[in-house]
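If you number the sequence shown the way UniProt numbering does, the last residue is 263 and the count never jumps. We put the CB at the ideal spot given by N, CA and C, even for glycine. These notes are about the structure you will find just below.
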Amino acid sequence: MKPKILLTNDDGITSTGLWAAYDALAPIADVTVVAPATQQSAVGRSISIFEPIRANQVTMNGVTAYSVGGKPTDAVIIGLFALHLNPDLVVSGVNIGENLSFESIMTSGTVGAALEASNQGVPSLAFSLQVEDQGDKFDDPSRITDRYFDAKRVIREICEKVLANGFPGKAHVINVNIPAQVRGGYEITRLAEKLFYTGVEERLDPRGRPYYWIDGPLYEDAEEGTDVHAVQRGNVSITPITLDCTAYAAADELKEVFDGMHI
Numbered sequence: 001m002k003p004k005i006l007l008t009n010d011d012g013i014t015s016t017g018l019w020a021a022y023d024a025l026a027p028i029a030d031v032t033v034v035a036p037a038t039q040q041s042a043v044g045r046s047i048s049i050f051e052p053i054r055a056n057q058v059t060m061n062g063v064t065a066y067s068v069g070g071k072p073t074d075a076v077i078i079g080l081f082a083l084h085l086n087p088d089l090v091v092s093g094v095n096i097g098e099n100l101s102f103e104s105i106m107t108s109g110t111v112g113a114a115l116e117a118s119n120q121g122v123p124s125l126a127f128s129l130q131v132e133d134q135g136d137k138f139d140d141p142s143r144i145t146d147r148y149f150d151a152k153r154v155i156r157e158i159c160e161k162v163l164a165n166g167f168p169g170k171a172h173v174i175n176v177n178i179p180a181q182v183r184g185g186y187e188i189t190r191l192a193e194k195l196f197y198t199g200v201e202e203r204l205d206p207r208g209r210p211y212y213w214i215d216g217p218l219y220e221d222a223e224e225g226t227d228v229h230a231v232q233r234g235n236v237s238i239t240p241i242t243l244d245c246t247a248y249a250a251a252d253e254l255k256e257v258f259d260g261m262h263i
């Protein structure tokens, strides 16, 4: 029997990236798509706890899928606990736009869905595709469909390896970033600290009141061994991520600071 994969994303169920991932995985697995009904980028691990969640069975590209009126995390939870899919693997993506560095994975809905799956005990991978023009994240995604050839190959190869060899024991999520043009090979990386130079642009509405856009250019490079550096070199970045955010190296310093304090 083929392994079972729950496929989700944060760009929404109509995303060409989601269906590129489906095309890559369908030959090697029994794939069920459970994805947000609408665009949910940058929602991280947000979860809907104050409103009901609807999951509608739909047919897209000739495939039965589930469209979830919520966040990527909601889609994973619905797939696991309402649809009882019991997958061997959860795959999130392929996201249109890179998810690199501490900064990006903390807000990424793509990575957030994978983290939720792992938190519920299911091995998970997140796949993202670099875009050279940041506007491609928000424009008609059909403009970048020619770049999915390499992405499909990467998704299939990595998932086949994980299914055959098992998930690394000390990782919770494998975060994969695919360069817009793959010029190298696979590189095991660590997270860079930053992806963007954060800025705020102030504008005025027709009534003269200010409003703001959060913006900023991308870092052109980062330290060798980081995910940002690997993708800039044209390598596929494979980064193991853990759910445990404890800063163990800071524990001794904190003990000294609070030593002898009583409440």
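Suppose you measure from the CA of Ile96 to the CA of Met261; what does that come to, to the nearest Å? 50 Å
Out of Met1, Arg147, Asp221 and Val228, which one is the CA nearest neighbour of Gly17? Arg147
Sheet register partners of Phe196 (DSSP bridge): Leu218
Give me the DSSP bridge partner(s) of Ile174. Leu125 and Pro240
Taking buried to mean at least 16 other C-beta atoms within 10 Å of its own C-beta, is Lys71 buried or exposed? buried
At the level of alpha carbons, what is the spacing between residue 275 and Asn9? Any property of residue 275 remains undetermined from this structure, which presents the chain solely from 1 to 263.
Measure the Cβ-Cβ separation of Lys170 and Thr242 and say whether it is below 9 Å. yes
For residue 264, which residues of its own chain have a beta-carbon under 7 Å away from its beta-carbon, when the five flanking residues on both sides are left out? Look at the range of the chain in this structure, 1 to 263, and you will see that residue 264 is not part of it.
Confirm, please, whether the CB-CB distance from Ser92 to Val228 is below 9 Å. no
Cα separation between Ile238 and Val173? 10 Å
Am I right that Pro168 and Asp88 are in contact with their C-beta atoms under 8 Å? What's the rounded C-beta distance? With 8 Å as the limit, Pro168 and Asp88 do not qualify as a contact, their Cβ atoms being about 15 Å apart.
Using alpha carbons as the reference points, say which of Met1, Ala42, Gln232 and Asp244 lies closest to Glu103. Ala42
Helix, strand or coil: how does DSSP classify Pro72 here? helix
I'd like the list of long-range same chain contacts for Arg203, defined as Cβ closer than 8 Å, with 5 residues on each side in sequence excluded. Pro210, Tyr211, Tyr212 and Trp213
By the three-class DSSP mapping on this structure, what secondary structure does Gln191 have? Note on residue identity: the sequence assigns Leu, not Gln, to residue 191. DSSP places Leu191 in coil when its eight states are reduced to three.
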